[in-house]
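Sequential numbering from 316 applies to the sequence shown in the numbering used here.
Don't be surprised by glycine CBs; every beta carbon is placed ideally from N, CA and C.
Just so it is clear, the structure is predicted and the values come from calculations on it, not from any experiment.
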Amino acid sequence: MPDPAEQLQRIYLAGFELQTFERYPQSVGVIRDGCIALLRSTPAGLQVIGSPGWRMGEVMGVLVEKDGREVFQAKTEIVEATPERLEALRNFKLDLEQLLTATA
316 MPDPAEQLQR
326 IYLAGFELQT
336 FERYPQSVGV
346 IRDGCIALLR
356 STPAGLQVIG
366 SPGWRMGEVM
376 GVLVEKDGRE
386 VFQAKTEIVE
396 ATPERLEALR
406 NFKLDLEQLL
416 TATA
């Protein structure tokens, strides 16, 4: 059974920033290279809530298709999903998944 404290330490040591948000008191945000994911503690260890996205101030933009193109959107705010941002998000997801499933 993964220990959430050990998982967070592994994530932090891998270069991710940890942040808490008033809007999501039961979760912790992990941030790197503009990408963000929310994690919650479960009996099986930390799990990602929803899908990682792009940090847009205090909110997370989710990847959506709008007018035939991919963008990150948080309410009415939109950020282009450039190839560089999409690559950063892919790497972020892969690295985070590996860190969450790694055994000490």
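- The Cβ atoms of Phe336 and Val345 do not sit closer than 8 Å to each other.
- Using a 10 angstroms sphere on the CB of Met316, the tally of other CB atoms stays under 16, which defines it as exposed.
- Setting aside the 5 residues that flank it on each side, Arg347 is surrounded in the same chain by Gly330, Phe331, Glu332, Phe407, each with a C-beta closer than 7 Å to its C-beta; the list follows chain order.
- One Cα belongs to Leu323, the other to Pro358, and the distance between them is close to 15 Å.
- For Pro358, the secondary structure class from DSSP, reduced to helix, strand or coil, is coil.
- In the three-state DSSP reduction, Arg405 falls in the helix class (H, G or I).
- The C-beta of Val379 has fewer than 16 other C-beta atoms within 10 Å across all chains shown, which makes the residue exposed.
- Under the DSSP assignment, Arg325 falls in the alpha helix (DSSP H) whose first and last residues are 319 to 328.
- With a 10 Å radius around the Cβ and a threshold of 16 neighbouring Cβ atoms, Gln341 comes out exposed.
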